[in-house]
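Heads up, the thing below is written out as structure tokens.
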Amino acid sequence: MSVQVVSAAAAAAAKVPEVELKDLSPSEAEPQLGLSAAAVGAMVPPAGGGDPEAPAPAAERPPAPGPGSGPAAAAAAAAALSPAAGKVPQASAMKRSDPHHQHQRHRDGGEALVSPDGTVTEAPRTVKKQIQFADQKQEFNKRPTKIGRRSLSRSISQSSTDSYSSAASYTDSSDDETSPRDKQQKNSKGSSDFCVKNIKQAEFGRREIEIAEQEMPALMALRKRAQGEKPLAGAKIVGCTHITAQTAVLMETLGALGAQCRWAACNIYSTLNEVAAALAESGFPVFAWKGESEDDFWWCIDRCVNVEGWQPNMILDDGGDLTHWIYKKYPNMFKKIKGIVEESVTGVHRLYQLSKAGKLCVPAMNVNDSVTKQKFDNLYCCRESILDGLKRTTDMMFGGKQVVVCGYGEVGKGCCAALKAMGSIVYVTEIDPICALQACMDGFRLVKLNEVIRQVDIVITCTGNKNVVTREHLDRMKNSCIVCNMGHSNTEIDVASLRTPELTWERVRSQVDHVIWPDGKRIVLLAEGRLLNLSCSTVPTFVLSITATTQALALIELYNAPEGRYKQDVYLLPKKMDEYVASLHLPTFDAHLTELTDEQAKYLGLNKNGPFKPNYYR
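Those letters in the sequence shown? Residues 624 to 1241, by my numbering.
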């Protein structure tokens, strides 16, 4: 039987329309709060039930349609995809309706059709023709083309400029490469006393702040119940913290209580640009943007401090950089400063060093070691945000991965608990035998870093120390090992030792670098060794509400304390105040506290209203 091959390649040029994608460019005494007895009494929440003063949810706006989504685009699409746009010719030696036709693969990879008489016919091949919708082309060409290639998904997300999700994209936007220091910007009131990435992002930042307010009940209650007394009237607070939506709620609360504020960022990667813009639009002098250089970082702090006609009398610090800068550059300012409130392990360590050397000029409040900070922010916040930060940057699966966590303080405990729950094999390094014993009894194997460095998939530091992971450790890591830091400072990982000629740095995505050795081995370094969760993801707002309320009350306490109550030393937050912060958050859970009877209170030797723990309790 002879087999006749009929080639239909030339005749079978089916033209299937395809949209052409163009590059798009983006456009130790009881705390005195400075309030009357009646006001303090009014601020204590009821024993049961929710808080009737909780703010109502902010209204959402429907997203605006993106370009090319109107009726014209739909009509063009329908016309382009109609049968007339491209007909597929029938092969000459077969009938499509014949049920006996069989399919087989042609030797050159195409599909062939075999008819009952043995004739093999090559199936028609499609030839793609690139077309574009006229209305979309016109719309796309209107966009500026200063920047090079951008992804379609990125551009589309930015076109939905009236949705909440699009606001998040602005944080990482690098549309304008001009340094904010070189820009002349003014808010709607004509003020230029700020330096942010783009003041036009203020509307999106305001929406994020409104969302954060819903999860910060204590600050909102404090704002409503204490602003009549204005306990911070006359306070001039200079702050250096992470500038996020939660910090914005704190700043606006301090303003409502009578304070004037000037603010800079304590981390070059954690600033939300749209939130900074919203604060600047509201009249707060803010000097911060995401991706600052080291020089920008210190310049921003100096702009907050060195202002003609304005001198701070209170400091709110996170890490000690602001306190260090004033002590180094403007030591005379401490003559008018009433106190310092410090939040982080690193900053508190610096304060104790100054106190021990006799160089601490003013009283300081150690918020980091308050119960509400240690047991909530450090533990629960890190337990949730460690997974978020790792997922967003690496897209990795945690089950079965070997992880070493350096440090088993509250931050380490949170990280270990989260990773263990996800099925990871977790090792712990620790210098403190008490924390080490806790790790062992929680089911983790206590090791030295050198013992496991060759086998682990992830290394996480959370000690507050320096050179926890050295170049020697980095050299011995396995290929594709992920290295990150959950401590405040960027000193825990010796990143500087990696900036040598023999190593190649490759930026993979935002806050993710591959450091490549000459033999091809690479490690994945997150946020250049800086704080992972606030640099690469977000943190739970409710937990930050607890910390922010603690900071606000500490500021009120130090500012209103009579002369002589606090000397030039570092103090812990009074336990009564810790308990008050916790009580402000209980109505959110519809929680009902049990009250002691007089007999029970007498038996325990306690006041029925607290404090219920001694000041040394942690």
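For glycine and all other residues, C-beta sits at the position ideal for the given N, C-alpha and C.
Unbroken beta strand (DSSP E) run spanning residue i, endpoints
| i | result |
| --- | --- |
| Trp1258 | No statement about residue 1258 is possible, as the shown extent of the chain runs from 624 to 1241 and does not include it. |
| Glu1194 | The sequence shown places Tyr at residue 1194, rather than the Glu named in the question. Unbroken beta strand (DSSP E) run through Tyr1194: Val1193 to Leu1195. |
| His865 | Here His865 belongs to no beta strand (DSSP E), and DSSP marks it neither H nor E. |
| Gln883 | Gln883 to Ala888 |
| Tyr1050 | Ile1048 to Thr1052 |
| Met988 | Ala987 to Asn989 |
| Asp940 | Met937 to Asp940 |
| Asn1108 | Cys1104 to Asn1108 |
| Cys1029 | Gln1025 to Cys1029 |
| Thr1220 | Looking at the DSSP string, Thr1220 is not in any beta strand (DSSP E), and its letter there is neither H nor E. |
| Glu965 | Gly962 to Glu965 |
Residue burial classification, residue i (beta-carbon count within 10 angstroms, cutoff 16)
| i | result |
| --- | --- |
| Pro1168 | What sits at residue 1168 in the sequence shown is Ser, not Pro. Label assigned to Ser1168: buried. |
| Gln824 | buried |
| Lys1101 | exposed |
| Glu1129 | exposed |
| Ser815 | exposed |
| Leu1227 | exposed |
| Ala1044 | exposed |
| Asn1232 | exposed |
| Met1064 | exposed |
| Lys812 | exposed |
| Leu855 | buried |
| Val1131 | exposed |
| Gly671 | Residue confidence for Gly671 is low, a pLDDT of 44 falling below 50, so the modelled location carries little weight; the figure read from the coordinates is stated next. Exposed. |
| Ala852 | Going by the sequence as given, residue 852 is Glu instead of Ala. That one is buried. |
| Ala980 | exposed |
| Gly1242 | In the structure as shown, the chain starts at 624 and stops at 1241, and residue 1242 therefore has no counterpart that could be examined. |
| Met1109 | buried |
| Glu676 | Confidence at Glu676 is low in this model, with a pLDDT of 44, below 50, so the placement of that residue is unreliable and no value is reported for it. |
| Gln1134 | buried |
| Arg1122 | exposed |
| His1215 | exposed |
| Gln883 | buried |
| Gly1280 | Given that the chain is displayed from residue 624 to residue 1241, the structure contains no residue 1280 and the question cannot be resolved. |
| Arg1241 | exposed |
| Gln869 | buried |
| Ser1112 | buried |
| Gly862 | buried |
| Lys1036 | buried |
| Arg885 | buried |
| Met1020 | exposed |
| Ser967 | buried |
Delimiting residues of the alpha helix (DSSP H) encompassing residue i
| i | result |
| --- | --- |
| Met1064 | Pro1056 to Met1064 |
| Asn1156 | Leu1155 to Cys1159 |
| Ser898 | One detail in the question is off: residue 898 reads as Val in this sequence, not Ser. Segment Asn896 to Glu904, the alpha helix (DSSP H) holding Val898. |
| Glu1186 | Neither: Glu1186 is in no alpha helix (DSSP H) and is coded neither H nor E. |
| Glu1033 | Glu1033 to Ala1044 |
| Val968 | Val968 to Lys979 |
| Gln837 | Ala825 to Gln837 |
| Ile949 | Asp944 to Lys952 |
| Ser811 | Looking at the DSSP string, Ser811 is not in any alpha helix (DSSP H), and its letter there is neither H nor E. |
| Ser1008 | Cys1005 to Thr1017 |
Anticipated Cβ contact below 8 Å, residue i with residue j, distance rounded
| i | j | result |
| --- | --- | --- |
| Gln1174 | Val964 | 6 Å |
| Thr1086 | Gly1030 | 4 Å |
| Leu1002 | Glu1033 | 4 Å |
| Asn1238 | Lys1198 | 5 Å |
| Phe1212 | Glu838 | With 8 Å as the limit, Phe1212 and Glu838 do not qualify as a contact, their Cβ atoms being about 13 Å apart. |
| Ser1008 | Ser1160 | 6 Å |
| Ser905 | Asp1201 | In fact, because the Cβ distance is near 31 Å, the residues do not count as touching under 8 Å. |
| Asn896 | Val819 | 7 Å |
| Ala903 | Asn810 | 6 Å |
Per DSSP, cross-strand counterpart(s) of residue i
| i | result |
| --- | --- |
| His1137 | Glu1129 and Val1147 |
| Ile1116 | Val1092 |
| Val1082 | Val1027 and Val1106 |
| Arg1068 | Tyr1050 |
| Phe910 | Cys818 and Ala887 |
| Trp933 | Val930 |
Neighbour flag for residue i against chain D, beta carbons, 7 Å
| i | result |
| --- | --- |
| Met1019 | The structure shown has no chain D; it contains just one protein chain. |
Check: residue i C-beta below 6 Å from any heavy atom of the ligand GDP
| i | result |
| --- | --- |
| Phe1212 | Within the structure as shown, the ligand GDP is missing, as the structure has no ligands at all. |
The region 1020–1033 / the region 1081–1095 touching (three or more Cβ pairs under 8 Å): yes
So, does the region 1146–1165 touch the region 1101–1118, judging by three or more C-beta pairs under 8 Å? yes
Cβ contact check for the region 932–946 and the region 835–852: 3 or more pairs under 8 Å: Fewer than three Cβ pairs drawn from the region 932–946 and the region 835–852 lie within less than 8 Å of each other, which leaves the two stretches out of contact.
Using a Cβ distance threshold of 8 Å, determine whether the region 871–884 contacts the region 832–839, with at least three qualifying pairs required. Between the region 871–884 and the region 832–839, the count of C-beta pairs closer than 8 Å reaches three or more; the two stretches touch.
Check whether the region 905–923 touches the region 876–895, counting contact only when three or more Cβ pairs, one atom from each stretch, lie closer than 8 Å. yes
Is the region 1216–1224 close to the region 1177–1188, with three or more CB pairs under 8 Å? no
Stretch-stretch touch, CB-based, cutoff 8 Å, three pairs: the region 1141–1148 with the region 1092–1106: yes
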